[in-house]
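Heads up, the thing below is written out as structure tokens.
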Amino acid sequence: SQTIHQWPATLVQPVGSPLSLECTVEGTSNPNLYWYRQAAGRGLQLLFYSVGIGQISSEVPQNLSASRPQDRQFILSSKKLLLSDSGFYLCAWSLPVSNQPQHFGDGTRLSIL
Amino acid sequence: SQQGEEDPQALSIQEGENATMNCSYKTSINNLQWYRQNSGRGLVHLILIRSNEREKHSGRLRVTLDTSKKSSSLLITASRAADTASYFCATAGSSYKLIFGSGTRLLVRP
Chain Z
22 SQTIHQWPAT LVQPVGSPLS LECTVEGTSN PNLYWYRQAA GRGLQLLFYS VGIGQISSEV
82 PQNLSASRPQ DRQFILSSKK LLLSDSGFYL CAWSLPVSNQ PQHFGDGTRL SIL
Chain B
86 SQQGEEDPQA LSIQEGENAT MNCSYKTSIN NLQWYRQNSG RGLVHLILIR SNEREKHSGR
146 LRVTLDTSKK SSSLLITASR AADTASYFCA TAGSSYKLIF GSGTRLLVRP
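Protein sequence lines, in the order shown, are assigned to chains Z and B.
Each number in this note's numbering corresponds to the 1-based position in the first sequence with 21 added.
Each number in this note's numbering corresponds to the 1-based position in the second sequence with 85 added.
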């Protein structure tokens with residue numbers, strides 16, 4: 022069966038510090054991968070998605086970047102965090118065909134001080 | 086931008102009652118999906134309904150889709166305290182991307 026791992030679960034970082042959040046998927050090949058951010062009490066905003074190694078699509082201009090160095094690894098990064106980067110970050114995967122559900126990790130709660 | 090909008094934003098019912106949540110969207114879709122999120126956790130997929138389907142069932146869940154009205158509803162029958170969570174609809178167009186609504190917070194009182 023497929024599993025998705027996302028870490029860390031919580032992170033507290035000072036403004037201006039770098040960020041690296043990692044997500045890995047097991048049990049499937051060539052998945053589509055997604056990074057979302059969720060503000061408190063709100064829905065999910067798609068930040069990045071990837072359909073293959075090195076292929077990243079950015080949905081919103083922002084202080085963040087994403088990379089996919091391996092087939093089942095998706096990394097969310099920032100060189101300098103802003104206060105507005107605080108939030109709940111979720112990674113998800115889906116099969117690379119249409120009409121498929123997405124499967125989510127447990128999320129990372131990021132607080133910027 | 087958010088396409089799906091759920092209604093109501095919050096719902097409080099007694100255990101054993103049915104819970105109905107509605108979702109409206111604006112553009113054409115390939116499918117509509119419902120997810121559940123427990124507090125502080127990731128989302129769990131519940132049901133996917135394609136644009137050519139009108140109704141789907143899964144256990145105590147029933148989803149309807151009316152593409153002419155661009156709306157969907159999620160019915161949870163015989164609710165339990167464990168159903169307490171936020172429920173989100175998400176629409177998929179021609180790409181793999183999902184656009185999520187802002188969710189309905191359901192509280193089931195024991």
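Ideal Cβ placement from N, Cα and C applies to all residues, glycine included.
Computed from a prediction, not measured in an experiment: that's the story for all the values here.
Between residue 194/B and the set 142/B, 161/B, 100/B and 91/B, the nearest pair of CA atoms involves 100/B. Boundaries cannot be given for residue 166/B, as no beta strand (DSSP E) includes it and DSSP labels it neither H nor E. Taking C-beta separations shorter than 7 Å and ignoring five residues to either side along the sequence, the partners of residue 145/B in its chain run 161, 162 and 163, following chain order. When the Cα atoms are used, residue 81/Z and residue 122/B turn out to be separated by approximately 24 Å. Sequence-ordered contacts of the stretch 177-188 of chain B with chain Z read 177, 179, 180, 181, 182, 183, 184, 185, 186, 187 and 188 [C-beta pairs closer than 9 Å].
Residue contact check for residue 72/Z against chain B: a CB pair falls below 9 Å.
Identification of chain B residues near residue 124/Z by a Cβ-Cβ cut-off of 7 Å yields 130, ordered along the chain. Residue range 76-79 is occupied by the beta strand (DSSP E) that includes residue 77/Z. Residue-level contact by beta carbon holds for residue 126/B and chain Z, with a gap shorter than 9 Å. Per DSSP, the unbroken beta strand (DSSP E) holding residue 96/Z starts and ends at 94-99.
Not flagged as an interface residue toward chain B: residue 51/Z, since no C-beta distance is shorter than 9 Å. Closest in alpha carbon position to residue 120/B, among 95/B, 147/B and 128/B, is 128/B. Between residue 106/B and residue 90/B, the gap from beta carbon to beta carbon reaches 9 Å or more. With 16 or more other Cβ atoms from the protein chains shown falling within 10 Å of its own Cβ, residue 175/B counts as buried.
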